Amino acid sequence: SNLSTINELSNLFPNWKKSSVQKKIRDTLEGKNERFIVLSEGKIIGHLKVTFGKGLHKHRADLSSLVVHPSFRKKGVGSKLVKFVLDNLPQKIFLVLLAVDKNNTPAISLHKKLGFKKYGVLSKASFVDGKYVDNYLMKKELKRKLI
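For the sequence shown, position 36 (counting from the first letter as 1) is numbered 215 according to our numbering, and the numbering increases by one without interruption.
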């Protein structure tokens, strides 16, 4: 992947090293168990990571790292990213999981609108600005035939 793409993604994720961004892009291109989905309008405006379960968990996908550039928030970008992933999941996936900062009301609202439901709390899931933050665990069960 080119350097400008890596720089743009690094700007969205100031806590990530550029080498980490490069690895995520490389893993996606090599078809590993995760995908790095990026929405662009001349520049990168949003990102979502999807990781596919293996073995006993091959029926599920985990969403993480949904980030939208600040100037594009509240314009449907996050919804587009999540909908794109949900619409393009392999047929064998029927359970989609995610964790979201319990204080991130916009993200919680977005996921609820897309049919996700809270099912638990993960205490001290993140370390943000010198404090531990709890995450809500959310899930969406897709109506599909078992394979």
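For glycine and all other residues, C-beta sits at the position ideal for the given N, C-alpha and C. These numbers were taken from a predicted model, which means no experiment stands behind them.
Locate the alpha helix (DSSP H) running through residue i, then write down its first and last residues.
| i | result |
| --- | --- |
| D280 | Looking at the DSSP string, D280 is not in any alpha helix (DSSP H); the run it does join, the beta strand (DSSP E), is 274-280. |
| D266 | 256-266 |
| H226 | H226 -> not in any alpha helix (DSSP H); beta strand (DSSP E) instead, spanning 223-231. |
Using C-beta distances below 6 Å, list every residue in its chain close to residue i, excluding the 5 sequence neighbours before and after it, in chain order.
| i | result |
| --- | --- |
| G232 | R239 |
| I272 | A240 |
| R323 | F273 |
Excluding the 5 residues flanking residue i on each side, which residues of the same chain have their C-beta closer than 8 Å to its C-beta?
| i | result |
| --- | --- |
| K253 | P285 |
| N282 | V312 |
| S337 | Since the first and last residues shown for the chain are 180 and 326, residue 337 lies out of range. |
Going by C-alpha distance, which of the options is nearest residue i?
| i | options | result |
| --- | --- | --- |
| V279 | K318, K322, I223 | K318 |
| Q270 | V229, N212, K237 | K237 |
| S288 | N267, G309, S258, D308 | S258 |
| S250 | V307, K222, E320 | K222 |
Please state whether the Cβ-Cβ distance between residue i and residue j is less than 8 Å.
| i | j | result |
| --- | --- | --- |
| D313 | K303 | yes |
| V229 | L242 | yes |
| L301 | V261 | no |
| L274 | H290 | no |
Could you have a look at residue i and say whether DSSP puts it in helix, strand or coil?
| i | result |
| --- | --- |
| F251 | helix |
| S180 | Since pLDDT at S180 reaches only 44, below the 50 mark, its modelled position is unreliable, and no value is offered. |
| L321 | coil |
Looking only at its own chain, which residues have a Cβ that is under 7 Å from the Cβ of residue i, when we skip the five neighbours before and after it?
| i | result |
| --- | --- |
| V256 | L218, I224, G225, V247 |
| N212 | T230, F231, K233 |
| V264 | I216, L227, V229, L242 |
Since residue i is in the beta strand (DSSP E), which residue starts that stretch and which ends it?
| i | result |
| --- | --- |
| K291 | Taken as a continuous stretch (DSSP letters only), K291 belongs to no beta strand (DSSP E), being part of the alpha helix (DSSP H) at 284-292. |
| G299 | 296-307 |
I'd like to know if residue i contacts chain D, where contact means its C-beta is closer than 8 Å to some C-beta of that chain.
| i | result |
| --- | --- |
| G257 | The structure shown contains no chain D; it holds only a single protein chain. |
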